[in-house]
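Undergrad: Per the working numbering, residue 343 is the first one in the sequence shown, and the count goes up by one each step.
Yeah, the Cβ is synthetic: ideal placement off N, Cα and C, and Gly gets one too.
Remember, it's a predicted structure, so these values are computed and weren't measured experimentally.
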Amino acid sequence: MKNVFSICIIAMLLFSCTGNDKFVLRGSIGKVNKVMVVTKASDWNGDLGKEIRNSFGELMIGLPQPEPILSVSQIAPNGFGSMMKVTRNVLVIGESSQEKFYIKKNVYAQPQTIIYVYGTDDESVIKMFKKHEQEIIDAYIESDIKMTQSIFKQREIDNANYKTLTNLGISLIIPDNFKTVDDTGEFLWLRQHLTSGIAKTGSNNILVYAIPLKDEDKVAENIVAVRDSIGEKYIPGSDQETMHMITEEAYTPFTSETKLAGKKAYETRGKWEVKNDFMAGPFLNYSVIDKKNNRVIVFEGFTYAPSVNKRAFLFELEAIGKSLKIK
343 MKNVFSICII AMLLFSCTGN DKFVLRGSIG KVNKVMVVTK ASDWNGDLGK EIRNSFGELM
403 IGLPQPEPIL SVSQIAPNGF GSMMKVTRNV LVIGESSQEK FYIKKNVYAQ PQTIIYVYGT
463 DDESVIKMFK KHEQEIIDAY IESDIKMTQS IFKQREIDNA NYKTLTNLGI SLIIPDNFKT
523 VDDTGEFLWL RQHLTSGIAK TGSNNILVYA IPLKDEDKVA ENIVAVRDSI GEKYIPGSDQ
583 ETMHMITEEA YTPFTSETKL AGKKAYETRG KWEVKNDFMA GPFLNYSVID KKNNRVIVFE
643 GFTYAPSVNK RAFLFELEAI GKSLKIK
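1) Alpha carbons only, please: which of 411, 599, 570 is nearest the one belonging to residue 587?
2) Quick one: using the 10 Å Cβ neighbour count with 16 as the cut-off for buried, is residue 635 buried or exposed?
3) What does DSSP give as the partner residue(s) for residue 637 in the beta ladder?
4) Along the beta strand (DSSP E) that carries residue 398, what are the first and last residues, could you check?
5) Going by the beta-carbon positions, is the gap between residue 666 and residue 404 smaller than 9 Å?
6) If I follow the unbroken beta strand (DSSP E) through residue 514, where does it start and stop?
7) Alpha carbon to alpha carbon, how far is residue 620 from residue 484? Give it in angstroms, no decimals.
8) If I measure Cβ to Cβ from residue 513 and keep anything under 6 Å in the same chain, skipping five residues before and after, which residues do I get?
9) If I measure Cβ to Cβ from residue 641 and keep anything under 7 Å in the same chain, skipping five residues before and after, which residues do I get?
10) According to DSSP, simplified to helix, strand and coil, what is residue 450?
11) Under 8 Å, with one C-beta from each stretch per pair, do the segment 643–651 and the segment 559–568 reach the 3-pair mark?
12) Helix, strand or coil for residue 408, going by three-state DSSP, please let me know.
13) Sort out for me which residues DSSP pairs residue 614 with in a bridge.
14) Look up residue 458 in the DSSP assignment and say whether it is helix, strand or coil.
15) Please state the DSSP three-state secondary structure of residue 490.
16) Between which two residues does the alpha helix (DSSP H) holding residue 471 run?
17) Taking residue 470 and residue 494 to be in contact with their CB atoms under 8 Å, please state how far apart those CB atoms are, rounded to whole angstroms.
18) State the DSSP-derived secondary structure class of residue 363, mapped to helix, strand or coil.
19) According to DSSP, is residue 434 helix, strand or coil?
20) For residue 630, which of 597, 615, 618, 366 has the nearest alpha-carbon?
21) If you reduce the DSSP assignment to three classes, tell me which class residue 383 lands in.
22) For a quick check, are the C-beta atoms of residue 436 and residue 419 less than 9 Å apart?
23) Within a Cβ cutoff of 8 Å, which residues of the same chain sit near residue 385, ignoring the five residues on either side of it in sequence?
24) Determine whether the beta carbon atoms of residue 369 and residue 449 lie at a separation below 9 Å.
25) What residues in its chain sit with their C-beta under 6 Å from that of residue 478, if we drop five residues either side in the sequence?
26) Out of 508, 519, 517, 518, point me to the one whose CA is closest to residue 530's CA.
27) Our contact map puts residue 475 next to residue 460 with C-beta atoms below 8 Å; I'd like the distance itself, whole angstroms only.
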C-alpha cells in the first residue's frame with residue numbers, strides 16, 4: 343500500500359445539492375506537509391518569499407537527512423482559480439488596506455486550511471507573518487495530523503486485539519498495515535513493512551509500554567535511559583547476545599514539554615542505532631504523565647528506511663501517537 347503521504351483526497355463532486363439544500367464541498371488535494379503560497383511573484387522572489395521559505399524550511403529535528411518542516415510552492419493570485427482552490431493547505435499573503443491575520447477551514451474544499459496574512463506595505467506584511475509564524479506552522483501540522491488520523495481511522499485495527507493496550511487502558515488509531523511483533527501484556531511492538539520505492543526493505547515501528555511514576559521532575563531527564571533499557575530488553579539486533587537498539591550516542595535528542603491525551607507529556611525526537619551494528623534511523627517518543635494511575639505511558643515510533651527521506655514516515659507515527667487516549 344502506498345504511503346499515506348502520496349494519498350490525495352480526489353474531488354468526487356464539484357458542488358452537489360443535498361436534501362437539506364446544503365452544498366457538499368469538493369474533496370481537497372495535496373500532499374501532507376505541503377503548503378501552496380498565494381502571492382505575487384515579485385514578493386515571492388523578494389524578502390517576503392525568503393522569510394516564508396526560511397520559516398517553513400527550518401529543518402525537522404532528529405532526521406538523518408536534512409528535511410524541512412513544511413514544503414512550499416507559490417502561485418500568483420491571478421492563477422488561484424477553481425482548480426487550485428481545492429488545495430488542502432493554502433497561505434494567502436500580501437498587501438491590504440489594513441493588517442489582518444485569520445484562519446479559515448473548508449472554504450473551497452474539505453478538509454482544507456487557508457491562512458490569510460495581510461499588511462499595509464512590504465514591511466508590514468513581513469512583520470505580520472513573523473508575528474504569527476509559529477501559529478501558522480502549528481495550524482498546518484495540526485490539520486495534516488487530523489487528516490492522516492481520519493485516513494487511518496477508516497482501516498483501524500480493533501484495539502481489543504492487543505493485550506498491552508487493554509491492560510494499560512489506552513487506545514490508539516492503528517491502521518491495519520501494522521503487524522504484531524510482540525505483545526506481552528506489558529509491552530507492545532508493532533511493525534509496518536514499507537513497500538514503496540527503495541524503502542521497501544525498511545519499516546515503521548510502534549512501541550507502547552508504561553513505567554512507574556517515581557519523580558515527575560525527573561521524567562524528562564530519564565527518557566533516554568528508559569528507552570535504552572527497553573531496547574536492551576525487547577529490541578535485539580541480528581545477534582541477540584551483543585546487539586540491541588540504543589539511543590544514538592553521537593546525537594543528543596531534543597525534548598520539549600507538550601500535552602497529550604489531556605495530560606502533561608514530553609516529546610523527544612532523536613536518532614536510534616543498533617549497538618555493534620550499522621542499523622539506525624529517527625525516533626519520536628511521547629512520555630505521558632498519568633498521575634491518576636501513578637505511571638508514565640510511553641508511545642514511541644521509530645523508522646528504518648535506508649537511503650530515503652524519512653519525514654513522511656515519521657509523520658505517520660506522530661499522527662498515531664497523537665491519537666492516544668487514556669480510558
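TA: Quick look at the numbers:
1) Your numbering for residue 587 matches position 245 in the sequence shown. Answer by Cα proximity: 570.
2) On the sequence shown, residue 635 is found 293 positions in, with the first residue counted as 1. Exposed, because fewer than 16 other Cβ atoms sit within 10 Å of the Cβ of residue 635.
3) Here residue 637 corresponds to residue number 295 of the sequence shown, with the count starting at 1. DSSP output for residue 637 lists 554, 632 as bridge partner(s).
4) Here residue 398 is taken as the residue at index 56 of the sequence shown, counted from 1. Residue 398 -> not in any beta strand (DSSP E); alpha helix (DSSP H) instead, spanning 389–398.
5) Numbered from its first residue, the sequence shown carries residue 666 at position 324. Numbered from its first residue, the sequence shown carries residue 404 at position 62. No, the Cβ-Cβ distance between residue 666 and residue 404 is not below 9 Å.
6) Reading the sequence shown from its first residue, position 172 is the one you call residue 514. It is not in any beta strand (DSSP E) - residue 514 carries neither H nor E in the DSSP assignment.
7) Position 142 of the sequence shown, counting from 1, holds the residue named residue 484. Position 278 of the sequence shown, counting from 1, holds the residue named residue 620. Approximately 34 Å between the Cα atoms of the pair.
8) Translated into the one-based positions of the sequence shown, residue 513 becomes position 171. Same-chain partners within the cutoff: 501, 667.
9) Counting from 1 along the sequence shown, the entry for residue 641 is found at position 299. Result list for residue 641: 550, 628, 663, 666, in chain order.
10) Numbered from 1 along the sequence shown, position 108 holds the residue referred to as residue 450. Of the three classes helix, strand and coil, the one that applies to residue 450 here is coil, per DSSP.
11) no
12) Position 66 of the sequence shown holds residue 408. If DSSP states are grouped into helix, strand and coil, residue 408 belongs with coil.
13) Locating residue 614 in the sequence shown gives position 272, counting from the first residue. Looking at the DSSP assignment, residue 614 forms a beta bridge with 589, 623.
14) Indexing the sequence shown from 1 puts residue 458 at position 116. Note: residue 458 maps to strand in three-state DSSP.
15) Within the sequence shown, the letter at position 148 stands for residue 490. Helix, per DSSP.
16) Within the sequence shown, residue 471 is the residue found at index 129, counting from 1. Run containing residue 471: 464–473, per the alpha helix (DSSP H) assignment.
17) Counting from one through the sequence shown, the residue named residue 470 turns up at place 128. Counting from one through the sequence shown, the residue named residue 494 turns up at place 152. Actually they do not touch by this definition, with Cβ atoms about 35 Å apart.
18) Walking along the sequence shown from the start, residue 363 turns up at place 21. Any reading at residue 363 needs caution, since the residue's pLDDT is 44, under 50, leaving its predicted position unreliable; the model's value is listed next. In the structure shown, residue 363 sits in coil (DSSP, three-state: anything other than H, G, I, E or B).
19) In the sequence shown, residue 434 corresponds to position 92, counting from 1. In the structure shown, residue 434 sits in a strand (DSSP, three-state: E or B).
20) Locating residue 630 in the sequence shown gives position 288, counting from the first residue. Of 597, 615, 618, 366, the residue nearest in Cα terms is 597.
21) Translated into the one-based positions of the sequence shown, residue 383 becomes position 41. Correct three-state label for residue 383: helix.
22) Taking the sequence shown and counting its residues from 1, the one referred to as residue 436 is at position 94. Taking the sequence shown and counting its residues from 1, the one referred to as residue 419 is at position 77. Yes, the Cβ-Cβ distance between residue 436 and residue 419 is below 9 Å.
23) Against the sequence shown, residue 385 aligns to sequence position 43. So the qualifying residues of the chain are 391, 435, 436, 464, 467.
24) For the purposes of this step, residue 369 is taken as residue 27 along the sequence shown, with counting starting at 1. For the purposes of this step, residue 449 is taken as residue 107 along the sequence shown, with counting starting at 1. No, the Cβ-Cβ distance between residue 369 and residue 449 is not below 9 Å.
25) As a first step, residue 478 is located in the sequence shown; it is residue number 136 there, counting from the start. Same-chain partners within the cutoff: 457.
26) Numbered from its first residue, the sequence shown carries residue 530 at position 188. When 508, 519, 517, 518 are compared, the shortest CA-CA separation from residue 530 is found for 508.
27) One-based indexing of the sequence shown puts residue 475 at position 133. One-based indexing of the sequence shown puts residue 460 at position 118. No, residue 475 and residue 460 are not in contact; Cβ-Cβ is about 15 Å, not under 8 Å.
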